[in-house]
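*Asks:*
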Amino acid sequence: MLLFWRVFGLNTVVLGLATALLLWAPVTVSVPILLTEAVVLVVGMGVMLITNGALLRWGLAPLARLTALMATVDLLRPGQRLPVAGSGEVSGLIRGFNAMLERLEAERAASSARVLLAQEAERRRIAQELHDEVGQSMTAILLVLGRAADDADGPLREELYQAQEITRGSLDEVRRLVRRLRPGVLDDLGLVSALTSLTNDFSAHTGLRVVRRFDAGLTVLDDEGELVLYRVAQESLTNAARHADAERLEVALEDTGGAVTLTVTDDGRGIETVCEGAGIRGMRERALLIGADLDITSTPGAGTRVRLTAPLSRKQL
Numbered sequence: 001m002l003l004f005w006r007v008f009g010l011n012t013v014v015l016g017l018a019t020a021l022l023l024w025a026p027v028t029v030s031v032p033i034l035l036t037e038a039v040v041l042v043v044g045m046g047v048m049l050i051t052n053g054a055l056l057r058w059g060l061a062p063l064a065r066l067t068a069l070m071a072t073v074d075l076l077r078p079g080q081r082l083p084v085a086g087s088g089e090v091s092g093l094i095r096g097f098n099a100m101l102e103r104l105e106a107e108r109a110a111s112s113a114r115v116l117l118a119q120e121a122e123r124r125r126i127a128q129e130l131h132d133e134v135g136q137s138m139t140a141i142l143l144v145l146g147r148a149a150d151d152a153d154g155p156l157r158e159e160l161y162q163a164q165e166i167t168r169g170s171l172d173e174v175r176r177l178v179r180r181l182r183p184g185v186l187d188d189l190g191l192v193s194a195l196t197s198l199t200n201d202f203s204a205h206t207g208l209r210v211v212r213r214f215d216a217g218l219t220v221l222d223d224e225g226e227l228v229l230y231r232v233a234q235e236s237l238t239n240a241a242r243h244a245d246a247e248r249l250e251v252a253l254e255d256t257g258g259a260v261t262l263t264v265t266d267d268g269r270g271i272e273t274v275c276e277g278a279g280i281r282g283m284r285e286r287a288l289l290i291g292a293d294l295d296i297t298s299t300p301g302a303g304t305r306v307r308l309t310a311p312l313s314r315k316q317l
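In the UniProt record's numbering, the protein residues as written are 1 to 317.
The following block contains the structure:
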């Protein structure tokens with residue numbers, strides 16, 4: 001039924017009932033009108049308006065649900081759809097909106113995949129240049145400073161040794177940046193070893209205590225899935241260090257029956273409402289890349305939990 005005929009039909013029902021009541025009810029109108037008759041007419045008008053409003057609200061409820069979904073839909077949370085019943089104008093509108101959401105979600109997932117893959121390729125290139133050029137240059141500087149310090153006398157030797165230590169510290173920082181940009185251990189030894197190295201570096205750099213719980217014999221994802229898990233863990237640890245004011249974190253990797261679940265929990269201050277900045281939205285985009293579910297919960301005074309549930313691949317540890 002078209003929306004016009006639906007509204008027209010509802011109003012016709014209300015007016016028809018009101019007319020039938022006037023015909024059958026023993027109510028008359030005097031001239032001039034009496035107070036009791038005026039009260040009856042006003043009450044009848046009120047009942048008619050209330051009935052008409054209730055019927056219209058019922059008839060237009062699908063449009064209200066559609067409006068609510070349009071105001072809250074988020075392409076980073078796919079699967080939001082409205083049920084469709086019948087074949088009328090409103091049902092066609094809802095079907096068209098659901099189809100549009102499917103197309104937008106598919107296009108968003110494809111574009112996010114292209115962006116993230118390009119980002120990883122650029123990180124790999126920068127990490128390689130830092131390792132091959134900057135790292136080697138600083139290593140050569142260390143050797144030159146060492147030889148110069150051995151041949152120098154007195155105060156100059158101490159200054160050269162000091163410059164050597166500063167250079168060595170800078171070289172260590174460059175190597176740490178290279179590992180953050182592209183974890184070679186992930187490619188060489190797999191996800192568990194990469195997360196172990198990540199948490200060790202994080203604990204040493206921030207001073208926070210990190211507890212690991214990794215299931216033995218995990219069925220893991222393909223290379224793309226492993227990289228998504230690693231990046232989500234990396235971003236979760238970074239957010240905890242910057243914002244949570246935590247003392248202890250727990251990183252868990254477990255087989256939950258048909259899926260691999262990564263959970264990062266901190267004992268920080270938590271927040272009432274999770275504010276989704278660039279970091280969290282980036283994690284959601286990575287989750288979409290492999291069809292994973294990302295859930296972030298935070299309780300004031302009880303910390304924050306980030307849980308990523310990713311479908312399993314056929315690859316075995």
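In this text, a Cβ means the ideal position worked out from N, Cα and C, and glycines have one as well.
Note that the coordinates shown come from a computational prediction; the quantities given were computed from them, not determined experimentally.
Terminal residues of the continuous alpha helix (DSSP H) containing residue 166?
*Replies:* Translated into positions along the sequence shown, residue 166 becomes position 166. It spans 154–181 - the alpha helix (DSSP H) in which residue 166 sits, taken as one unbroken run.
*Asks:* If residue 289 and residue 116 are in contact, beta carbons under 8 Å, what's the gap, nearest whole angstrom?
*Replies:* Mapped onto the sequence shown, residue 289 falls at position 289. Mapped onto the sequence shown, residue 116 falls at position 116. Sure, about 6 Å apart at Cβ, within 8 Å.
*Asks:* By how many angstroms is the C-alpha of residue 223 removed from the C-alpha of residue 128?
*Replies:* By 1-based counting over the sequence shown, the position of residue 128 is 128. By 1-based counting over the sequence shown, the position of residue 223 is 223. Looking at the two C-alpha atoms, the distance is approximately 19 Å.
*Asks:* For residue 267, count neighbouring C-beta atoms within 10 Å of its own C-beta (all shown protein chains included) and say buried if the count is 16 or more, exposed if not.
*Replies:* Position 267 of the sequence shown holds residue 267. Classification for residue 267: buried.
*Asks:* I think residue 324 touches residue 81, with their Cβ atoms under 8 Å apart; what is that distance to the nearest whole Å?
*Replies:* Since the first residue shown for the chain is 1 and the last is 317, residue 324 is missing from the structure and cannot be characterised.
*Asks:* For residue 284, which option in 300, 310, 304 and 175 has the closest C-alpha, if you only look at C-alpha atoms?
*Replies:* The residue you call residue 284 lines up with position 284 of the sequence shown. Closest option to residue 284, Cα to Cα, is 310.
*Asks:* Could you pull out every unbroken beta strand (DSSP E) segment of at least 3 residues lying fully inside the stretch 263–311, listed in chain order?
*Replies:* Within the stretch 263–311, the complete beta strand (DSSP E) runs of at least 3 residues are 293–299 and 303–311.
*Asks:* Tell whether a beta-carbon distance below 7 Å holds between residue 167 and residue 142.
*Replies:* Counting from 1 along the sequence shown, the entry for residue 167 is found at position 167. Counting from 1 along the sequence shown, the entry for residue 142 is found at position 142. Yes; because the gap between Cβ atoms is below 7 Å, this pair is in contact.
*Asks:* Thinking just about the alpha-carbon of each residue, which of 256, 255 and 210 is nearest to the one in residue 238?
*Replies:* Locating residue 238 in the sequence shown gives position 238, where the first residue counts as 1. With distances taken between Cα atoms, residue 238 lies closest to 210.
*Asks:* Return the chain-ordered ranges of every beta strand (DSSP E) run that is complete within the stretch 217–264 and spans a minimum of 3 residues.
*Replies:* DSSP runs (the beta strand (DSSP E)) wholly in the stretch 217–264: 248–255.
*Asks:* Just to check my reading of the structure: residue 265 and residue 254 have Cβ atoms closer than 8 Å, yes? What is that Cβ distance to the nearest angstrom?
*Replies:* Residue mapping note: residue 265 aligns to position 265 of the sequence shown, counting from 1. Residue mapping note: residue 254 aligns to position 254 of the sequence shown, counting from 1. About 13 Å; that fails the 8 Å criterion.
*Asks:* Since residue 134 is in the alpha helix (DSSP H), which residue starts that stretch and which ends it?
*Replies:* Position 134 of the sequence shown, counted from the first residue, corresponds to residue 134. Where residue 134 is concerned, there is no enclosing alpha helix (DSSP H), given that its DSSP letter is neither H nor E.
*Asks:* Given residue 183, which residues of its chain have a CB within under 6 Å of its CB, disregarding the five upstream and five downstream residues?
*Replies:* Sequence index remark: in the sequence shown, residue 183 carries index 183 (1-based). Within the same chain, residue 183 has close Cβ partners 194.
*Asks:* Do you know how far the Cα of residue 259 is from the Cα of residue 138?
*Replies:* For the purposes of this step, residue 138 is taken as the residue at position 138 of the sequence shown. For the purposes of this step, residue 259 is taken as the residue at position 259 of the sequence shown. Their backbone Cα atoms lie some 44 Å apart in a straight line.
*Asks:* Can you tell me whether residue 156 is buried or exposed? The criterion is at least 16 other CB atoms within 10 Å of its CB, across all chains shown.
*Replies:* Taking the first residue of the sequence shown as position 1, residue 156 is located at position 156. Counting Cβ neighbours within 10 Å, residue 156 comes out exposed, since fewer than 16 surround it.
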